[in-house]
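Each residue of the sequence shown is one higher than the one before, starting from 35 at the first, in our numbering. For each residue, glycine too, the CB sits at the ideal point set by N, CA and C. Scroll down for the structure; my scribbles are underneath it.
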Amino acid sequence: MTTQRPALWVALVSLAVGATLLHYRIHPPNDLTYLWPNLFSLIDLVLVSALFRFRGTALLGLLLNSFLVFLGVIMMADYSLAATLAGQVKVMPGANFFGWLLLTTFPDIMIAVADFLVGLGLYRAILTEK
35 MTTQRPALWV
45 ALVSLAVGAT
55 LLHYRIHPPN
65 DLTYLWPNLF
75 SLIDLVLVSA
85 LFRFRGTALL
95 GLLLNSFLVF
105 LGVIMMADYS
115 LAATLAGQVK
125 VMPGANFFGW
135 LLLTTFPDIM
145 IAVADFLVGL
155 GLYRAILTEK
């Protein structure tokens, strides 16, 4: 039976590239306030991807990937809720829930969750290899 490990690794790297480019576009690096989102996405791209290449370091890759996703989800959800409560979102959830959902960071959170799930699948594929 062939393993899905190479395809899952490419998917993990593709999600990390997409997240890095998205953070770079949303958070321009000329302002040091935006250092952390860009740095975390670069860590995901470089370090997590490298850790998942080898069986011996895959657990560290899974732990770091899980931590980065957890941190990203908390930070993005907090930002969306704070922006909604401050009236900075053009559409309120009571008037148009799905319009509001698209204007929040919910789509970005789903990318992070997909990154976690691909990393988990890759880790399980690595464990089943002999």
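Three-state secondary structure assigned by DSSP to residue i
i: R39; result: helix
i: R89; result: helix
i: Y47; result: Here residue 47 turns out to be Val, not Tyr, going by the sequence shown. Helix at V47.
i: G128; result: coil
i: H57; result: helix
Residue range of the alpha helix (DSSP H) that includes residue i
i: D142; result: 140–162
i: I72; result: According to the sequence provided, residue 72 is Asn. The question's Ile does not apply to it. From DSSP, the alpha helix (DSSP H) with N72 extends over 69–77.
i: D112; result: 92–119
i: L81; result: Run containing L81: none; DSSP gives neither H nor E here.
Where residue i falls, given that 16 or more other Cβ within 10 Å makes a residue buried
i: L137; result: buried
i: V152; result: buried
i: Y114; result: Residue 114 is actually Ser in this sequence, not Tyr. Under this definition S114 is a buried residue.
Cutoff 6 Å; reference residue i; Cβ partners in own chain excluding five residues on either side
i: P71; result: H57, H61
i: L85; result: T91, L94, G95
i: L102; result: F74, D78
Beta-carbon proximity of residue i to residue j, cut-off 7 Å
i: M109; j: D142; result: no
i: A146; j: V107; result: yes
i: A117; j: V125; result: no
i: A45; j: L79; result: no
Close-in-space but distant-in-sequence residues of the same chain around residue i (CB under 8 Å, 5 per side omitted)
i: L42; result: V152, G155, L156, A159
i: K164; result: none
Close-in-space but distant-in-sequence residues of the same chain around residue i (CB under 7 Å, 5 per side omitted)
i: S100; result: F150
i: F104; result: none
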